[in-house]
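Read the structure below first, then the notes.
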Amino acid sequence: MSKGKYHDRQDLGTILQSGSTIKIRQTNPDFKGTLKLHLLTNDRNTEKVSVITSAWTTITADAATTPFVSTPFEGTPATIEYKIEGDQKPLPIYEHGNDESKFFETWDKNDSEFALIKHKDFQLYAPKLDREAMRNLDDFASMDDLIDYYEDIFRVYNQMIGLKNGDTGTDKMTQNRYFLKADKSGIGGAYYGSDWTANSEPSVSIWLDKGRWSSLHEIGHGYQSNFDGKGMYTGEVTNNLFATHYQYKLFGKEEADKIGWLFNGKKEEVEKALYQGMIKEGKGYTTINDNRYRLILLTMLKQKAGDEAFARMHQGYRKLAQQPSYFAGKYMLPDLMNKYYSETSGYDFTPTLEKWQLDLDPLQTELNRARSYEAVAPLADIVPESKLAAARQLMDPKILITSNFELVNNKEVAPLGLKGNAKITLDMEDLGQLEGKSLLIKEGKKIVATVPITKKELQVSGLPNGVYTIALPNDTNKKYEINRPYLYIKEQENALTIAVNEIKSSKLANQSMQFLGLADIYFGEFKTNLDQSTGSIEITTSKPHVNYSGEKYTAIAVHDEENQLVYEKEIQGTNALVGLDTFPLKEGYKVKIFHAEPKNRLKSNEDILDYMQNENNFIMTKWGLQNIDLVNNAEANLIQKIEQQGNQILADPQLLYNPHSAIKSQLWVAIASLSEPNRMKYLNQYAPIFDAQ
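For the sequence shown, the numbering used here gives the first residue as 1196, with consecutive numbering after it.
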């Protein structure tokens, strides 16, 4: 999270006129940080920046400009010495509680080109052309009222991510200030940058309007955490969770629906289009390919989980980021939401996230079911289209932000009195493994139906509308997993086909590598899926590194046992093709991974990479990837994961005594794949897991 990290700066109280010079140096020999001098205007093309060292540096202003020195926050304080030659004017400065008339009197008297509003959380740097607008604010009673408004925005945003005054740990409130300005040569309509956030016009008009979406949106960019963009696109989405939260707090339900960005003043039209895409066309979070629709989905998810869950996710992630083994690519946002949202609220968000076609960590999904969290789903997934209006009448008064995709549990829609039947088909080669046993249909802890398994097609009648958890016994000779552990009852007649697949290769043998680009920003991932005999590569941005424009930055090539090319892809620094590719990958296949900057920008959770080589060559074994040059022990790598998962199951009674556990089956298959004596050693070591029911 950047949160305006490098925005904070100190003014020198003056405005240099064009042609004037400032001579500056840092004189404290104990100061070891970096200081910068910015000469700021309302146009990047007339601004200058220079690093301040112990030697004198002289900069000449090309336009009327205000000098600012960056604020260092760590270590010994800096001491600066400076001299100004040439014409200058005093910089009008307003702080909360000052005499507003005297502020404007100073500004008028000197006809200053700029003025500065200062407060503990932000500074607003305004050009002269905004003077009259600031003197006669449309949305605020006074300058203090304007400052109080921004103070409230930062208070709410800080609260949303769980920052606290007085905390001394990872939840400590940061002391820096945002810098808000104008930049007539800026990109887009407005932007958030490392040094400031600006309106891309000569005016600071967006910063003077109450509830203005663009200002809330750009401030929100600074609150996006390092988990953003991991496992799902969120670049122009999660910042808007903050903006949406604030607009609905400020304007209230009805007004925000009309004027807020979330529904663009066209709620019925937006809802209809979202329903068409998600329900009728079966799209997911990624393939819906519209950031407003994605925002609606994530807003509904956050609202159901609650503000505390959202804060805990950020608090938990900050603690993870302090661990020595921390690597951002290890923590996918869908998994973090499923963990913190579910554990805080007591609801199981797995069916919703899976319905949106997001990949989830199987351990957390099983934990949610083992803990009997109640599954939740969007209204649109469990209520017929013809009954949505009645469902909305029931639910909308209870929540602030409403939609056909608001999340509910079964109890909440029960008053509608809707029921349906379900035909459940078990797609399984050897049904005899399950004959005489029962399929369970659960609602949280409650078993609502026990269905004897006598044939592949099972019938259940009269289930109230909702989403239910499916449980199959795993006390079979062979180990199985099911692909769909949730049953949706929406229409009068519903159908679910469950693939019951024998586990022949454990998911514990699957591996991944993450690709980082410019500024160590994640842009893609390679995964092995031995259990499916496939591999995949996903690229999430078209410009991983602009300094490698037209050049190969990352590449992958896969060959089979006969050395025939199965798949290859080259990712250049710019114009990279965004998307997900899946290809065959089996034991004996060879994989070649290239990265132009492997030392710090090719990552894996496992010790399988040679970071000093641009090219890493692997052979696929039944235990995972073996680096041909490093000759790593793939079996030893798998054993580490076996021990980690085994110990985790032993330490959690809900996992240990779960009679429907898929991860225990995955563990058993992983151990069974080991060579002797490892196989027998770990079967004995983790026998309590397999004996527990």
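Just so you know, even glycine gets a beta-carbon here, dropped at the ideal spot from N, CA and C.
Predicted, not measured: the structure shown is a model, and the values here were computed from it.
Closest to residue i by C-alpha separation, out of the options, would be which residue?
| i | options | result |
| --- | --- | --- |
| L1235 | L1319, D1343, K1315 | L1319 |
| S1213 | Y1480, I1788, E1308, E1630 | E1308 |
| S1389 | S1400, L1613, G1199 | G1199 |
| W1551 | P1779, D1576, E1449 | D1576 |
| K1640 | A1690, N1435, E1569, E1697 | E1569 |
| R1204 | S1197, T1248, F1263 | F1263 |
| H1855 | Q1283, T1671, N1371 | T1671 |
| E1549 | L1445, K1444, W1251, Y1480 | Y1480 |
| E1503 | K1764, G1730, Y1535 | Y1535 |
| E1346 | W1456, K1313, E1327 | K1313 |
| N1822 | S1799, Q1843, G1841 | S1799 |
| T1649 | V1662, G1745, M1590, E1630 | E1630 |
| D1622 | P1659, R1679, Y1762 | R1679 |
| D1485 | G1472, K1497, G1477, L1496 | G1472 |
| Q1706 | G1524, D1238, I1677, M1875 | G1524 |
| I1279 | N1305, D1306, W1251, A1714 | W1251 |
| K1673 | K1685, M1807, I1698, I1844 | I1698 |
| A1867 | I1844, W1818, N1827 | W1818 |
| M1807 | N1770, H1790, E1801 | H1790 |
| K1637 | F1268, I1382, K1499, K1606 | K1606 |
| F1268 | Y1881, H1202, L1496, S1380 | H1202 |
| G1417 | N1371, P1610, D1805, S1540 | N1371 |
| Q1880 | V1826, G1841, G1208 | G1841 |
| G1415 | V1351, V1643, G1364 | V1351 |
Is the Cβ-Cβ distance between residue i and residue j less than 8 Å?
| i | j | result |
| --- | --- | --- |
| P1573 | E1601 | yes |
| F1226 | T1266 | no |
| S1633 | V1646 | yes |
| L1869 | I1884 | no |
| T1261 | I1210 | yes |
| L1703 | I1803 | no |
| K1722 | G1730 | yes |
| Q1442 | T1433 | no |
| M1285 | F1298 | Note on residue identity: the sequence assigns Pro, not Met, to residue 1285. No. Outside cutoff. |
| D1892 | R1796 | With the chain covering 1196 to 1888 only, the question about residue 1892 has no answer from this structure. |
| K1593 | L1626 | no |
| F1544 | M1355 | no |
| I1834 | N1770 | no |
| G1430 | D1554 | no |
| K1497 | L1558 | no |
Hey, quick one: how far does the beta strand (DSSP E) through residue i stretch, first residue to last?
| i | result |
| --- | --- |
| G1615 | 1614–1622 |
| N1822 | 1819–1822 |
| T1255 | 1252–1255 |
| T1216 | 1216–1221 |
| F1778 | 1774–1779 |
| V1695 | 1688–1697 |
| V1351 | First-last for V1351: 1338–1355, but that is the alpha helix (DSSP H), not the beta strand (DSSP E). |
| T1301 | Where T1301 is concerned, there is no enclosing beta strand (DSSP E), although the alpha helix (DSSP H) it sits in stretches over 1295–1305. |
| N1724 | 1717–1724 |
Please report the Cβ distance between residue i and residue j, rounded to the nearest whole angstrom; I am assuming they are in contact, meaning their Cβ atoms lie under 8 Å.
| i | j | result |
| --- | --- | --- |
| T1216 | I1254 | 7 Å |
| V1571 | N1533 | Their Cβ separation, rounded to whole angstroms, is 12 Å, which puts V1571 and N1533 out of contact at 8 Å. |
| N1669 | K1461 | About 49 Å; that fails the 8 Å criterion. |
| T1494 | L1457 | 7 Å |
| L1682 | I1665 | 6 Å |
| L1667 | A1617 | Not confirmed; about 15 Å, so no contact. |
| V1753 | Y1717 | That belief does not hold up - the Cβ atoms of V1753 and Y1717 are roughly 22 Å apart, past 8 Å. |
| V1773 | I1734 | 5 Å |
| S1337 | E1295 | 6 Å |
At what residues does the alpha helix (DSSP H) containing residue i begin and finish?
| i | result |
| --- | --- |
| D1502 | 1502–1516 |
| V1578 | First-last for V1578: undefined, no H or E at that position. |
| D1452 | 1448–1454 |
| I1483 | Note, I1483: premise wrong, no alpha helix (DSSP H); not H, not E. |
| A1909 | Coverage of the chain is limited to positions 1196 through 1888, which leaves residue 1909 absent and any answer about it impossible. |
| S1197 | No alpha helix (DSSP H) contains S1197, which DSSP labels as neither H nor E. |
| G1841 | 1829–1846 |
| N1873 | 1873–1880 |
Decide yes or no for the touch test of the region 1513–1520 against the region 1811–1819: beta carbon pairs closer than 8 Å, at least 3 of them.
no
Three-pair Cβ contact test at 8 Å for the region 1393–1402 versus the region 1436–1455
no
Taking contact to mean 3 or more Cβ pairs, one atom from each stretch, closer than 8 Å, check whether the region 1732–1752 and the region 1763–1779 are in contact.
yes
Touch test, the region 1374–1394 against the region 1237–1244, Cβ-Cβ under 8 Å, three pairs minimum:
Yes, the region 1374–1394 touches the region 1237–1244.
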